[in-house]
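Numbering (my numbering), first residue to last: -7 to 506. Ideal Cβ positions, reconstructed from N, Cα and C, are used throughout, including at glycine.
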Amino acid sequence: MRALILSSLGIMLGSVISTPALALPISFVNAAPPSTGAIALPVGKDGKLGEAAMAVDRITNGGISRAITAAAFRGNSGDTLNLYSVGPYSRVTLIGVGESANSRVGLEDFGGRVARAALEGQASTWAVVIPDAPAFADAGALVALGARLGSYEFPQVGKTTRATTDRTLRLHVANASAASSAWTGRWQPVGDGVKLARDLISTPSNIKSPQWYVDSVSAAFEGIPNVSITVIDEKEAARLGMGGLVGVGQGSTRPARLLAIHYRGGARDSAPISFVGKGITFDTGGISIKPGDGMWRMRYDMAGSAASMGAVLAAAKRGAKVNLVGVAALAENMPDGNAIRPGDVLTSMSGKTMEILNTDAEGRMVLADANWWTQETFKPSLMINIATLTGSARGALGDDYAALFHNNETAAKRVEDAGAKVGEMTWRLPIHPSTRADIKSDVADVKNVVEGGAPGASIGAAFIEEWVKPETAWVHLDIAGVAWATTRKPTIPPGAVGFGVKLFDEVIAQSEGR
Ligand code: BES
Ligand code: ZN
Ligand code: MN
């Protein structure tokens, strides 16, 4: 019924997430690189070629290395040089990897650059030589992951005509069956998790209601073993006393939801890791309405929850040996006759009350209830919040680092190290005792903003911390600055980043003892 109505408007709801206009089939082959067609080669610092690239150079009778010298190609990371009609090849694309080839980020970036070159070039099939990366048994699969991420394109829901681009990548590796099982067993699921997150984030909010989000995520998990899904609607949430979640959602005609994905891959009695994400499907600010410029981007205000969903999807798809809970606190923050007002006092699920002085500080309100419910329901060993919480985090750290807050040094280090390893960097910010004092309210237990507003990101963190039990190891990531890209990076096209999926995947892998 719903799909029918939308298709009469020329928009196919069911197709929003499922139809790529761009296809990039990837395969792994043992054979030595071919001596025809288009080929991509990694080039190290100072134009140095690895073993496999040298073999290709010999096929061109040294034409490639002469071109490297003639063009003074340095092979720095990001440099590319396109050669046409060299020896038997129609095209040779040289991609600088500098000294970074033997690193996870370097391998993924190489893959992302190969994918872009292939999509922009004419040839339909590309041979790819993998960088020498002795420290990475999974080098080929990591290049494939980078290619997947770098070629991501959101289905352009509103375009009535679109060209499809089809490019086949053949990755030449030493052991194709090992690369292929590393891909299907580990890195392809991670790619799927990032894709889910990016698709959810990119979807326009006329489509993306809390219930649509629940349906889309449920569909993504369909048929995966050891997964159970809990959906709490606004009536149930009210019955449970979730005044924060219900309050934020009540200005919208499309009511709030709490969505939890419980994946059981570990020992029956082991406490899960929980990822509790902000899922504001659109943030107008509510009655404390935001200015119009750039407000459209606030459809990404559910990016934290999208990372939670994506990470649990990746783990469940690969059958990770851990117990996990991904939680999405879903609501649309709208101004309306029924919306909450500045000055309102709400009671949360824990019984703690909040004075709402600004309805635009809504993320912390929904996370308060989501945190409490998660701890009461699952008693997690570690609870990680992830949220596009404050413009202040973006102001402090830009798009280079997510802000990290915590109540537990071991947990903080774990998250920080995982982020550094996968190229999703975090930077610690403090919660000073004075900030905890500043959020005390005259009429309620705490207030959601402080006059003057500084330090904004820390005030948000201090508020959320009020709903963290002292026995719960807790880390909070404020991703307002990093969740939406305005420039292209090798594995991140402009738009939805999916920040957090790879970081969480690494935290999960570490806890499996990988
Ligand atoms: N979703 C915003 C935070 C945000 C701002 C994310 C810019 C990404 C880019 C959040 O709900 C919000 O509005 N925060 C306010 C808090 C303030 C009212 C205390 C902010 O940061 O201005
Ligand atoms: Zn928000
Ligand atoms: Mn807001």
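Taking 5 Å as the limit, tell me which residues put their C-beta closer than that to any heavy atom of the ligand ZN, in chain order. Residues flagged by the Cβ proximity filter: I272, D275, D293 and G355.
Roughly how many angstroms separate the alpha carbons of D130 and V441, rounded to a whole number? What you label residue 130 is simply residue 138 of the sequence shown in a count that begins at 1. What you label residue 441 is simply residue 449 of the sequence shown in a count that begins at 1. So the alpha carbons of these two residues sit roughly 47 Å apart.
Kindly confirm or deny that the stretch 217 to 225 and the stretch 247 to 258 touch, where touching means at least three C-beta pairs closer than 8 Å. yes
Considering only residues of the same chain and omitting the five flanking positions on each side of P80, which have a CB-CB separation below 6 Å? If you number the sequence shown from 1, residue 80 lands on position 88. Same-chain partners within the cutoff: S27 and T28.
Are the Cβ atoms of A465 and A403 separated by less than 8 Å? In the sequence shown, counting from the first residue as 1, residue 465 sits at position 473. In the sequence shown, counting from the first residue as 1, residue 403 sits at position 411. Their beta carbons are under 8 Å apart, which means A465 touches A403 by this criterion.
Got a sec: does the ligand BES put a non-hydrogen atom nearer than 7 Å to the Cβ of D285? In the sequence shown, the residue the question calls residue 285 occupies position 293. Incorrect: D285 has no Cβ contact closer than 7 Å to the ligand BES.
Tell me which residue opens and which closes the beta strand (DSSP E) that M346 is part of. Within the sequence shown, numbered from 1, the residue matching residue 346 stands at position 354. Residues T345 to E347.
The ligand MN and D437: does any heavy atom of the ligand fall closer than 7 Å to the residue's C-beta? Mapped onto the sequence shown, residue 437 falls at position 445. Incorrect: D437 has no Cβ contact closer than 7 Å to the ligand MN.
L374 to G98, Cα distance in whole Å? Position 382 of the sequence shown, counted from the first residue, corresponds to residue 374. Position 106 of the sequence shown, counted from the first residue, corresponds to residue 98. About 30 Å.
For A353, is the beta carbon positioned less than 7 Å from some heavy atom of the ligand MN? Counted from its first residue, the sequence shown places residue 353 at position 361. Yes - the ligand MN has a heavy atom lying nearer than 7 Å to the Cβ of A353.
Helix or strand or just coil, what does DSSP make of A259? Against the sequence shown, residue 259 aligns to sequence position 267. Coil, per DSSP.
Under the rule that 16 or more other beta-carbon atoms within 10 Å means buried, what is I(-3), buried or exposed? What you label residue -3 is simply residue 5 of the sequence shown in a count that begins at 1. Residue placement at I(-3) is flagged as unreliable, the pLDDT there being 36, under the threshold of 50; the coordinate-derived value follows with that caveat. With fewer than 16 other Cβ atoms within 10 Å, it is exposed.
Starting from F146, follow its DSSP beta bridges and name the residues at the other end. Taking the sequence shown and counting its residues from 1, the one referred to as residue 146 is at position 154. For F146, which the question treats as bridged, DSSP gives no partner whatsoever.
Quick one: Cα of T153 to Cα of A13, how far? Position 161 of the sequence shown, counted from the start, is the residue given in the question as residue 153. Position 21 of the sequence shown, counted from the start, is the residue given in the question as residue 13. Distance between the alpha carbons of T153 and A13 is about 10 Å.
L(-2) by DSSP, collapsed to three states: which one? Mapped onto the sequence shown, residue -2 falls at position 6. The predicted model places L(-2) with a pLDDT of 36, which falls under 50 and marks its position as unreliable, so this point remains unresolved.
Could you spell out the range, first to last residue, of the beta strand (DSSP E) harbouring A30? Taking the sequence shown and counting its residues from 1, one reaches residue 30 at position 38. Its beta strand (DSSP E) spans residues G29 to G36.
Please go through the same chain and pick out, in chain order, the residues whose beta-carbon is closer than 6 Å to the beta-carbon of G90, but skip the five residues on each side of it. Taking the sequence shown and counting its residues from 1, one reaches residue 90 at position 98. Taken in chain order, the residues that qualify are K37, N68 and S69.
Give a single yes or no on whether T222 has its beta carbon closer than 7 Å to a heavy atom of the ligand BES. For the purposes of this step, residue 222 is taken as the residue at position 230 of the sequence shown. No; taking the cut-off as 7 Å, the Cβ of T222 has no heavy atom of the ligand BES nearer than that.
Taking the straight line between their C-alpha atoms, what separation do you get for M(-7) and P196? For this step, residue -7 is matched to residue 1 along the sequence shown. For this step, residue 196 is matched to residue 204 along the sequence shown. Below a pLDDT of 50, predicted positions are generally treated as unreliable, and M(-7), at 32, falls in that range; no measurement from the model is reported.
Stretch-stretch touch, CB-based, cutoff 8 Å, three pairs: the stretch 296 to 316 with the stretch 230 to 250: no
With a threshold of 7 Å, establish whether the CB of L381 neighbours any heavy atom of the ligand BES. Here the question's residue 381 lines up with position 389 in the sequence shown. Yes - the ligand BES has a heavy atom lying nearer than 7 Å to the Cβ of L381.
Drop a sphere of 10 angstroms on the beta-carbon of Q180, count the other beta-carbons inside from all chains shown, and report buried for 16 or more, exposed for fewer. Along the sequence shown, read from residue 1 onward, the residue named residue 180 stands at position 188. So Q180 ends up on the buried side.
N- and C-terminal bounds of the alpha helix (DSSP H) containing L316: The residue you call residue 316 lines up with position 324 of the sequence shown. Not the alpha helix (DSSP H): L316 falls in the beta strand (DSSP E), residues N315 to N325.
With burial defined as no fewer than 16 other Cβ atoms inside 10 Å of the residue's Cβ, what is the status of T380: buried or exposed? The residue given as residue 380 occupies position 388 in the sequence shown. Residue environment analysis places T380 among the buried positions, since at least 16 neighbouring C-beta atoms fall within 10 angstroms of its C-beta.
Between the C-alpha atoms of Q367 and A410, what's the straight-line distance to the nearest angstrom? Locating residue 367 in the sequence shown gives position 375, where the first residue counts as 1. Locating residue 410 in the sequence shown gives position 418, where the first residue counts as 1. Going from the Cα of Q367 to the Cα of A410 covers about 23 Å.
Just to confirm, are A446 and M346 a CB contact at a threshold of 8 Å? Along the sequence shown, read from residue 1 onward, the residue named residue 446 stands at position 454. Along the sequence shown, read from residue 1 onward, the residue named residue 346 stands at position 354. At the C-beta level, A446 and M346 stay beyond 8 Å of one another.
Looking at C-beta atoms only, is the number of pairs between the stretch 57 to 68 and the stretch 110 to 125 that lie closer than 8 Å three or more? no
Go through its chain and collect everything with a Cβ distance to S384's Cβ below 6 Å, but skip five positions before and after it. Walking along the sequence shown from the start, residue 384 turns up at place 392. These residues qualify, in order along the chain: G448 and A449.
Quick check on DSSP: helix, strand or coil for W476? Numbered from 1 along the sequence shown, position 484 holds the residue referred to as residue 476. W476: strand per DSSP, three-state reduction.
Skipping 5 residues on each side, what residues in its chain have a beta carbon closer than 6 Å to that of G318? Position 326 of the sequence shown, counting from 1, holds the residue named residue 318. The residues are I253, F267, S300, M301 and V304.
When you compare only the Cα positions, how much space is there between D430 and E458? Position 438 of the sequence shown, counting from 1, holds the residue named residue 430. Position 466 of the sequence shown, counting from 1, holds the residue named residue 458. Whole-angstrom Cα-Cα distance: 13 Å.
So, with DSSP's three-state summary, where would you put N94? Within the sequence shown, the letter at position 102 stands for residue 94. Coil at N94, not helix or strand.
Would the beta-carbon of A171 fall within 8 Å of that of G243? Translated into positions along the sequence shown, residue 171 becomes position 179. Translated into positions along the sequence shown, residue 243 becomes position 251. Against a cut-off of 8 Å, the Cβ pair of G243 and A171 comes out as no contact.
Classify T351: buried if its beta carbon has 16 or more other beta carbons within 10 angstroms, exposed otherwise. By one-based count along the sequence shown, residue 351 stands at place 359. Per the 10 Å Cβ criterion, buried.
Out of curiosity, what's the CA-to-CA distance linking M357 and R480? For this step, residue 357 is matched to residue 365 along the sequence shown. For this step, residue 480 is matched to residue 488 along the sequence shown. Between M357 and R480, the C-alpha separation is close to 33 Å.
I need the boundaries of the alpha helix (DSSP H) containing S169, first residue and last residue. Position 177 of the sequence shown, counted from the start, is the residue given in the question as residue 169. Unbroken alpha helix (DSSP H) run through S169: A168 to A174.
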